[in-house]
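Protein chains in written order, with the working numbering: chain A, 918 to 1204; chain B, 918 to 1204. Cβ coordinates follow ideal geometry from the N, Cα and C atoms, glycine included. Below is one structure, written out as structure tokens, with a few remarks after it.
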């Protein structure tokens, strides 16, 4: 790989640029994006080699294009790229949902959909923007790729090579499997945390309540501090899987409520025990 | 204060012993408890000065007794103490719920209920047991006291003096206010986290789901690793306030689900924005 274009040089795009540049110092990284200012910052920080506002020029002889912009912008970005896309450039993305991205790519790219590989790096940080970018963000983290039957094997191989260069591990699955897994282990917890804080903040005695919230509340609600626009997009893009998760969770809560109403201490303790054992085993397996 | 008896020398009781001893090296700390083994460990670690299994002897000339055992054991512990309780010993506790504790104390102690001060130190740690005890656990943390109209002012003053000596700040409110505040900011989040992990762990594809869970899931579910017996007791002891919180949260979830069904991006973003702003402002105020 000699030239890589990154559309959206924020935390994810910027970190990927830094990580791959570290592994392959010879590669040229061209940044593109919505705002000239963040591209200038990326240039000043040495995250990218060149900032471009000319998509035709940027794509010339590019080996790969990584779209790392908010996921709702992906269809518009693909439409901008499509007229200038040659047969050898591989396109991939870093969006948190994959079904919607693949539908858009299939529609916009036509025959060239075979050059597109859906991707989702499972990494993030409290802060966003290129100033938060770091070369080790993906070290040991998983990147999920969701190739379709039409996808060229060479395209998949190139994207794998890119993320391996960034220090990540790879995992492949269908877009549908990806979206249902992440609805359960990521999207649902985010919505539950947003809902808790929203519900408490709306009360007349919110200030008093917050003043007694302690470390358990802090950890539980950390993800409620996440980016509202990003989570709006995810909620809409993965609507069906998220609704299924919310329905299953509501049933679980009704069951738990029933046990408390019935004062069934034995069943409550068993439920907490199962959850606690599973959670601690998981944490141990990840450490 | 010359002699303090601590019933239940685990994380909370042990840390209180270490903290108060540091502030007042002259005080004698007598440990009592269910198991001889943990008392022996507490002795070996220098957390207590004396381990006793004779309640009459332990209470002789004791200025204060702190009950720091699991909250469901409080009525039985009070009944054990009552026959040997002189008029000058102040009793307090460290339970996470207060309405049930006050009801039990009023019933068991009769006239001597005026010597009882309900308390709840808002502090904890990942680990439990006396080996996890530390002298600075309460430093800068809040201890809520819930005195009743019958409580002697001297009793409240002594308990305040104890916790101030441990480095804590004090806050006073009714047991009912305490229980409704903590139902919202502590008990509800714990139940929500237990419910999420329990629901996911019960699925056929639990292993695959857990393997893709990342840092957001880790923080959100940390409190689902908490002690099952303790949370069974809290769920039963604070039943009514917790059921109210679950009902309010279910309504919030139904509303959020409706917004996703309607694909109301504007309302979703507004909800996430309000939650995110409130959460980040809270975290900043606590740092």
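Report task. Look at the Cβ atom of residue 1087 of chain B, then the Cβ atom of residue 1114 of chain B, and state whether they are nearer than 8 Å. Result -> Counting from 1 along the second chain, the entry for residue 1087 of chain B is found at position 170. Counting from 1 along the second chain, the entry for residue 1114 of chain B is found at position 197. For the pair residue 1087 of chain B and residue 1114 of chain B, the CB atoms are not nearer than the 8 Å cut-off.
Query raised in the report: With respect to the beta strand (DSSP E) encompassing residue 1088 of chain A, which residues constitute its N-terminal and C-terminal limits?
Result: Translated into the one-based positions of the first chain, residue 1088 of chain A becomes position 171. Start and end: 1086 to 1089.
Query - Test: residue 1163 of chain A CB closer than 8 Å to a CB of chain B - result: Taking the first residue of the first chain as 1, we reach residue 1163 of chain A at position 246. With 8 Å as the cut-off, residue 1163 of chain A counts as an interface residue toward chain B.
Query raised in the report: Hey, is residue 1250 of chain A's beta-carbon within less than 8 Å of any beta-carbon in chain B?
Result: This structure gives no information on residue 1250 of chain A, because the portion of chain A shown stretches from 918 to 1204.
Requested in this report: Pick helix, strand or coil for residue 1041 of chain A, following the three-state DSSP scheme.
Outcome: Taking the first residue of the first chain as position 1, residue 1041 of chain A is located at position 124. Coil.
Query raised in the report: Among B/1010, B/1013, B/924, which one has its Cα closest to the Cα of residue 971 of chain B?
Result: Numbered from 1 along the second chain, position 54 holds the residue referred to as residue 971 of chain B. Out of B/1010, B/1013, B/924, the CA that lies nearest to the CA of residue 971 of chain B is found in B/924.
Requested in this report: Identify every run of the beta strand (DSSP E) within the segment 1009 to 1082 of chain A, keeping only runs that are complete inside it and at least 3 residues long; order them along the chain.
Outcome: Complete beta strand (DSSP E) runs here, min 3: 1033 to 1038, 1059 to 1063.
Query - Span separating the alpha-carbon of residue 929 of chain A from that of residue 1020 of chain A - result: The residue given as residue 929 of chain A occupies position 12 in the first chain. The residue given as residue 1020 of chain A occupies position 103 in the first chain. Distance between the alpha carbons of residue 929 of chain A and residue 1020 of chain A is about 22 Å.
Report task. Could you name the residues of the segment 1103 to 1120 of chain B whose beta carbon sits closer than 9 Å to any beta carbon of chain A, in the order they occur along the chain? Result -> For chain A, the residues of the segment 1103 to 1120 of chain B that bring a beta carbon within less than 9 Å of one of its beta carbons are 1103, 1105, 1106, 1107, 1108, 1109, 1110, 1111, 1112, 1113, 1114, 1115, 1116, 1117, 1118, 1119, 1120, in chain order.
Report task. Answer with yes or no whether the minimum CB distance from residue 938 of chain B to chain A is below 8 Å. Result -> For this step, residue 938 of chain B is matched to residue 21 along the second chain. With a threshold of 8 Å between beta carbons, residue 938 of chain B makes no contact with chain A.
Query raised in the report: Under 8 Å, do residue 1205 of chain B and residue 947 of chain B count as touching if we go by C-beta distance?
Result: No statement about residue 1205 of chain B is possible, as the shown extent of chain B runs from 918 to 1204 and does not include it.
Report task. Taking residue 950 of chain A as part of the alpha helix (DSSP H), name the residues at either end of that continuous run. Result -> Indexing the first chain from 1 puts residue 950 of chain A at position 33. From DSSP, residue 950 of chain A is part of no alpha helix (DSSP H); its letter is neither H nor E.
Query raised in the report: Just reading off the alpha helix (DSSP H) that residue 1172 of chain A is part of, what are its end residues?
Result: Residue mapping note: residue 1172 of chain A aligns to position 255 of the first chain, counting from 1. First-last of the alpha helix (DSSP H) with residue 1172 of chain A: 1156 to 1178.
Query raised in the report: Is the distance from the Cβ of residue 1197 of chain A to the Cβ of residue 1133 of chain B below 8 Å?
Result: Here residue 1197 of chain A is taken as the residue at index 280 of the first chain, counted from 1. Here residue 1133 of chain B is taken as the residue at index 216 of the second chain, counted from 1. The Cβ-Cβ distance between residue 1197 of chain A and residue 1133 of chain B does not fall below 8 Å.
**Report entry** Under the three-state DSSP convention, the category residue 945 of chain B falls into
**Finding:** On the second chain, residue 945 of chain B is found 28 positions in, with the first residue counted as 1. It is a strand residue.
**Report entry** Residues in the segment 1076 to 1095 of chain B having any Cβ partner in chain A nearer than 7 Å
**Finding:** Those residues of the segment 1076 to 1095 of chain B that come within reach of chain A (Cβ to Cβ, closer than 7 Å) do not exist; the list is empty.
Report task. Would you verify that the beta carbon of residue 1070 of chain B is, or is not, closer than 8 Å to some beta carbon of chain A? Result -> In the second chain, residue 1070 of chain B corresponds to position 153, counting from 1. No, residue 1070 of chain B lies away from the interface with chain A (no Cβ there is under 8 Å from its Cβ).
Query raised in the report: What is the C-beta distance between residue 1170 of chain A and residue 1167 of chain B, in whole angstroms, given that I count them as a contact (C-beta under 8 Å)?
Result: For the purposes of this step, residue 1170 of chain A is identified with residue 253 of the first chain, where counting begins at 1. For the purposes of this step, residue 1167 of chain B is identified with residue 250 of the second chain, where counting begins at 1. That belief holds up - the Cβ atoms of residue 1170 of chain A and residue 1167 of chain B are roughly 6 Å apart, short of 8 Å.
Report task. Kindly indicate which three-state DSSP category residue 919 of chain A falls into: helix, strand or coil? Result -> Counting from 1 along the first chain, the entry for residue 919 of chain A is found at position 2. Of the three classes helix, strand and coil, the one that applies to residue 919 of chain A here is coil, per DSSP.
Report task. Report buried or exposed for residue 1097 of chain A, applying the criterion of at least 16 other Cβ atoms within 10 angstroms of its Cβ. Result -> Position 180 of the first chain, counting from 1, holds the residue named residue 1097 of chain A. Buried, since its Cβ has 16 or more Cβ neighbours within 10 Å.
Report task. Classify residue 1175 of chain A as buried or exposed, calling it buried when 16 or more other Cβ atoms lie within 10 Å of its own Cβ. Result -> Position 258 of the first chain, counting from 1, holds the residue named residue 1175 of chain A. Label assigned to residue 1175 of chain A: exposed.
Requested in this report: Identify, in the order they occur along the chain, each residue of the same chain with its Cβ nearer than 7 Å to the Cβ of residue 1091 of chain A, setting aside the five sequence neighbours on each side.
Outcome: By 1-based counting over the first chain, the position of residue 1091 of chain A is 174. Counting only Cβ-Cβ distances below 7 Å, and skipping sequence neighbours, we find 1063.
Query raised in the report: Is residue 1162 of chain A near residue 1105 of chain A, with beta carbons less than 8 Å apart?
Result: As a working note, residue 1162 of chain A is residue 245 in the first chain. As a working note, residue 1105 of chain A is residue 188 in the first chain. A distance below 8 Å separates the beta carbons of residue 1162 of chain A and residue 1105 of chain A.
Query raised in the report: How about the segment 1048 to 1058 of chain B and the segment 1118 to 1132 of chain B: do they share at least three Cβ pairs that are nearer than 8 Å?
Result: Taking a cut-off of 8 Å on C-beta distances, the segment 1048 to 1058 of chain B does not touch the segment 1118 to 1132 of chain B, as fewer than three cross pairs fall below it.
Query raised in the report: Closer than 7 Å, Cβ to any Cβ of chain D: which residues of the segment 999 to 1028 of chain A, in chain order?
Result: Absent from the structure is chain D; the protein chains it does hold are A and B.
Query raised in the report: Are there 16 or more other CB atoms within 10 angstroms of the CB of residue 903 of chain A, so buried, or fewer, so exposed?
Result: The first residue shown for chain A is 918 and the last is 1204, placing residue 903 of chain A beyond what the model contains.
Query - For residue 988 of chain B and residue 1032 of chain B, the rounded distance between their alpha carbons - result: Numbered from 1 along the second chain, position 115 holds the residue referred to as residue 1032 of chain B. Numbered from 1 along the second chain, position 71 holds the residue referred to as residue 988 of chain B. Approximately 19 Å, taken between the alpha carbons.
Query raised in the report: For residue 1076 of chain B versus residue 1025 of chain B, is the C-beta distance shorter than 8 Å?
Result: By 1-based counting over the second chain, the position of residue 1076 of chain B is 159. By 1-based counting over the second chain, the position of residue 1025 of chain B is 108. The Cβ-Cβ distance between residue 1076 of chain B and residue 1025 of chain B does not fall below 8 Å.
Query - Start and end residues, beta strand (DSSP E) containing residue 984 of chain A - result: On the first chain, residue 984 of chain A is found 67 positions in, with the first residue counted as 1. Under the DSSP assignment, residue 984 of chain A falls in the beta strand (DSSP E) whose first and last residues are 981 to 984.
Query raised in the report: Distance, Cα to Cα, residue 1135 of chain A vs residue 951 of chain B?
Result: For the purposes of this step, residue 1135 of chain A is taken as residue 218 along the first chain, with counting starting at 1. For the purposes of this step, residue 951 of chain B is taken as residue 34 along the second chain, with counting starting at 1. Taking the CA atoms as reference points, residue 1135 of chain A sits about 33 Å from residue 951 of chain B.
Report task. Taking a Cβ distance cut-off of 7 Å, strictly less, list which residues of the segment 954 to 966 of chain B are near chain A, in chain order. Result -> Under the 7 Å Cβ criterion, the segment 954 to 966 of chain B contributes no residue.
Query raised in the report: What are the residues that DSSP puts in a beta bridge with residue 967 of chain A?
Result: The sequence position of residue 967 of chain A within the first chain is 50, counting from 1. Partner residues in the beta bridge of residue 967 of chain A, as assigned by DSSP, are A/947.
Report task. Measure from the alpha carbon of residue 1111 of chain A to the alpha carbon of each residue in B/1085, B/1056, B/1194, B/1119, then state which is nearest. Result -> As a position in the first chain, residue 1111 of chain A is number 194, starting the count at 1. Among B/1085, B/1056, B/1194, B/1119, the Cα nearest to that of residue 1111 of chain A is on B/1194.
Requested in this report: Enumerate in chain order the residues of its own chain whose CB-to-CB distance from residue 958 of chain A is below 7 Å, with the five nearest sequence positions on each side excluded.
Outcome: Taking the first chain and counting its residues from 1, the one referred to as residue 958 of chain A is at position 41. Apart from sequence neighbours up to five positions away, the residues of its chain that approach residue 958 of chain A with a beta-carbon distance below 7 Å are 1047, 1048, ordered along the chain.
Query - With 16 other Cβ atoms within 10 Å as the buried cut-off, status of residue 1150 of chain A - result: As a working note, residue 1150 of chain A is residue 233 in the first chain. Residue environment: residue 1150 of chain A is assigned as buried (16 or more neighbouring CB atoms within 10 Å of its CB, all protein chains considered).
Query - Alpha-carbon spacing of residue 1101 of chain A relative to residue 1188 of chain A, whole angstroms - result: Taking the first residue of the first chain as position 1, residue 1101 of chain A is located at position 184. Taking the first residue of the first chain as position 1, residue 1188 of chain A is located at position 271. Taking the Cα positions, residue 1101 of chain A is about 19 Å away from residue 1188 of chain A.
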